[in-house]
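**Q**
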Amino acid sequence: MVNYAMLRHAQLFPHAILTYNLSCIYLDGCFIRYENYSFFQKYTRAGDKVECGNTTRKNPTFKESVIQALNRAIVAAPHQKGHSTTQEAMLGAVNESAYVLANCWMTLSASSCRACLENASASILNACVGQRSKHYTPAAS
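Per the UniProt record's numbering, the very first residue in the sequence shown carries number 1; after that it's consecutive.
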């Protein structure tokens, strides 16, 4: 069976394939990870990354919308088919809506998925208060 994702990764990042025993590639809609051990059914904090954007946005109503949407996602995602959910919260005007996409690996248990998403949520809130942000974790995003 041909692993097309690994072939494409090798085409895009040939030196990573040849010189490292692990790699994580995070794009806006997906990620690829490989390592030299079985990381399935495991949640670790190695490789976590928070990316903040739009540093001018510090509206307290937006922050509350973010917190509400994150909390809903943390509760909902582990119990959804695919460990994935989207949530929206709007406490003020339309431009203060918050949209959250939460997704865990299917191989994680519901409790591991929730722990991973709680860690991601805490990282986002600590690093990017009231800003547009992304959190990348090998097991959840």
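Where a beta carbon is used, it is the ideal one built from N, C-alpha and C, also for glycine.
1) What first and last residue would you give for the beta strand (DSSP E) that runs through Q87?
2) Spatial neighbours of L117 within its chain, please: CB distance less than 7 Å, with the 5 preceding and 5 following residues excluded, ordered by chain position.
3) Leaving out five residues before and five after E64 in sequence, what residues of the same chain have Cβ atoms less than 7 Å from its Cβ?
4) From the DSSP output, which residues share a beta bridge with A98?
5) With DSSP as the reference, label Q80 as helix, strand or coil.
6) Give every residue of the same chain whose Cβ lies closer than 6 Å to the Cβ of L70, excluding the five residues on either side of it in the sequence, and list them in chain order.
7) Is it the case that the Cβ atoms of V66 and A98 are separated by a distance below 9 Å?
8) Take E96 as the anchor and find which of L125, N126 and Q68 has the nearest alpha-carbon.
9) Who are the near neighbours of A89 in its chain, counting only those whose CB is closer than 6 Å to its CB and skipping five residues on each side?
10) Looking at M106 and H83, is the spacing between their C-beta atoms short of 9 Å?
11) Does DSSP put S109 in a helix, in a strand, or in coil?
**A** Here's the rundown:
1) S84 to M90
2) A73, I74, A77, A102, C104 and A140
3) L91
4) In DSSP, A98 forms a bridge with A89.
5) Of the three classes helix, strand and coil, the one that applies to Q80 here is coil, per DSSP.
6) V100 and S121
7) yes
8) Q68
9) S65, Q68, A69 and A98
10) yes
11) coil
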